[in-house]
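One structure is given below, encoded as structure tokens.
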Amino acid sequence: MELALQIASAVLVVMMLVFLYPTAKQWMTNGPKAKPGDWRSALIPLLLVTGFVALLVMLARS
Amino acid sequence: MNPNPYQNQTLTRSYEGTFATNKVLKNTYLLLSATLLFSGLTAALAMVLAVPVAAYTISLIVAMLLGMFVLPRTQDSAAGIGVVFLITGLMGFGLGPVIQLYLNMPNGAQTVALALGGTGVIFLGLSGYALASRRDFSFMGGFIFAGMMVMLVAVLANIFLQIPALQLAIAAGFILLMSGFILFQTSQMVHGGETNYISATYGLYLSIFNIFISLLQILGIFGSDE
Chain A
0 MELALQIASA VLVVMMLVFL YPTAKQWMTN GPKAKPGDWR SALIPLLLVT
50 GFVALLVMLA RS
Chain B
0 MNPNPYQNQT LTRSYEGTFA TNKVLKNTYL LLSATLLFSG LTAALAMVLA
50 VPVAAYTISL IVAMLLGMFV LPRTQDSAAG IGVVFLITGL MGFGLGPVIQ
100 LYLNMPNGAQ TVALALGGTG VIFLGLSGYA LASRRDFSFM GGFIFAGMMV
150 MLVAVLANIF LQIPALQLAI AAGFILLMSG FILFQTSQMV HGGETNYISA
200 TYGLYLSIFN IFISLLQILG IFGSDE
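Residue numbers (numbering that gives the first Met the number 0), protein chains in the order written: chain A, 0 to 61; chain B, 0 to 225.
Structure follows, in structure tokens:
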């Protein structure tokens with residue numbers, strides 16, 4: 000049963016990769032490029048998320 | 000005489016664009032709230048019925064197949080709403096036994112509560128930031144979709160390898176990637192790149208689901224004494 004579920008999950012992930020590939024390729028080749036300051040505006044909230052997860056881990060350990 | 004005869008036309012188009020954007024945002028958050036509530040109910044049902052943990056994988060497989068093959072064909076009609084409820088209901092049902100598994104662990108209730116609260120704070124914070132700043136995060140599209148491909152390859156490898164450290168890295172990677180996706184998707188709705196509230200809801204629901212399950216894994220690993 001467990002092996003069957005593992006194989007089914009693997010098949011699903013491969014299907015998702017095939018399904019996602021055209022979208023990923025489209026965004027990577029034709030997607031808008033970042034302007035100066037764009038990445039900073041995205042990285043600040045993502046760093047805050049990282050800090051918040053670290054805080055949750057500390058709370059879970061306490 | 001008006002020096003710019005196209006000014007009124009431009010204003011009308013701008014108004015229509017803003018109206019359409021607000022409608023997409025409103026419908027997306029309404030449908031997202033309803034689907035989250037519904038998946039909460041199906042998760043509770045699965046816990047009451049004491050469904051085995053294998054239900055998680057089965058529910059997820061069926062939900063993902065529906066998301067890949069049925070939702071794109073129905074998302075422009077009212078049937079799409081039913082399909083998105085079916086998908087999120089199934090995912091919630093699969094989540095039930097996983098939550099029960101964590102609740103049975105020492106400090107399990109605290110882990111589940113922290114993961115749930117943490118997911119809510121991350122989603123609301125990032126959505127609020129994208130909505131309030133009105134920044135265009137569409138430049139992240141290539142990075143996010145390429146990142147998803149890399150994460151899926153890692154998931155595929157770990158289905159068979161079952162390495163705990165890799166599982167932890169995947170969970171951490173998913174939290175960051177899905178956080179980026181929330182910024183990207185919200186900005187797409189604000190700037191008119193996403194006009195279908197059903198597919199927008201599905202995307203945001205998946206990011207919330209992934210953040211919750213990844214937080215559960217991380218907090219479960221670090222919170223246990225073993």
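Think of the CB as a built atom: it goes at the ideal place given N, C-alpha and C, for glycine as much as any other residue. All of these numbers come straight from a predicted model, not from anything done at the bench.
| query | Under 8 Å, do residue 40 (chain B) and residue 114 (chain B) count as touching if we go by C-beta distance? | reply | Indexing the second sequence from 1 puts residue 40 (chain B) at position 41. Indexing the second sequence from 1 puts residue 114 (chain B) at position 115. Not a contact, by the Cβ cut-off of 8 Å.
| query | Which whole-angstrom value is the C-beta distance of residue 199 (chain B) and residue 20 (chain B), which I expect to be below 8 Å? | reply | Along the second sequence, one-based indexing puts residue 199 (chain B) at 200. Along the second sequence, one-based indexing puts residue 20 (chain B) at 21. About 11 Å separates the two Cβ atoms, so there is no contact after all.
| According to the neighbour-count rule (16 or more other Cβ atoms, all chains shown, within 10 Å of its Cβ), is residue 44 (chain A) buried or exposed? | Locating residue 44 (chain A) in the first sequence gives position 45, counting from the first residue. Buried, since its Cβ has 16 or more Cβ neighbours within 10 Å.
| request: Give the DSSP-derived three-state secondary structure of residue 105 (chain B) in the structure shown. | output: Counted from its first residue, the second sequence places residue 105 (chain B) at position 106. Reduced to three states, the DSSP call for residue 105 (chain B) is coil.
| query | Given that a residue counts as buried once 16 or more other Cβ atoms are within 10 Å of its Cβ, and exposed if not, what is residue 6 (chain A)? | reply | On the first sequence, position 7 is the one that residue 6 (chain A) refers to. That one is exposed.
| request: Closer than 8 Å by beta-carbon distance: list the chain A residues that pair up with residue 125 (chain B), in chain order. | output: Here residue 125 (chain B) corresponds to residue number 126 of the second sequence, with the count starting at 1. Listed by position along chain A, the residues whose Cβ is nearer than 8 Å to that of residue 125 (chain B) are 44 and 48.
| field | Limits of the alpha helix (DSSP H) - the one that residue 29 (chain A) falls within | value | Reading the first sequence from its first residue, position 30 is the one you call residue 29 (chain A). Run containing residue 29 (chain A): 1-29, per the alpha helix (DSSP H) assignment.
| message | Here's the rule: buried if 16 or more other CB atoms are within 10 angstroms of the residue's CB, otherwise exposed. What is residue 17 (chain B)? | response | Position 18 of the second sequence holds residue 17 (chain B). Classification for residue 17 (chain B): exposed.
| request: State the DSSP-derived secondary structure class of residue 74 (chain B), mapped to helix, strand or coil. | output: Working through the second sequence from its first residue, we reach residue 74 (chain B) at position 75. The answer is coil: DSSP assigns residue 74 (chain B) none of H, G, I, E or B.
| Cβ of residue 35 (chain A) less than 8 Å from any chain B Cβ? | Indexing the first sequence from 1 puts residue 35 (chain A) at position 36. Taking Cβ atoms only, chain B never reaches closer than 8 Å to residue 35 (chain A), which makes this a no.
| query | residue 231 (chain B) CB to nearest chain A CB: under 8 Å? | reply | Residue coverage of chain B in this structure runs from 0 to 225, which leaves residue 231 (chain B) outside it and unanswerable.
| query | For the candidate residues B:23, B:38, B:184 and B:124, whose alpha-carbon lies nearest to that of residue 83 (chain B)? | reply | Here the question's residue 83 (chain B) lines up with position 84 in the second sequence. For residue 83 (chain B), the nearest C-alpha among the options comes from B:38.
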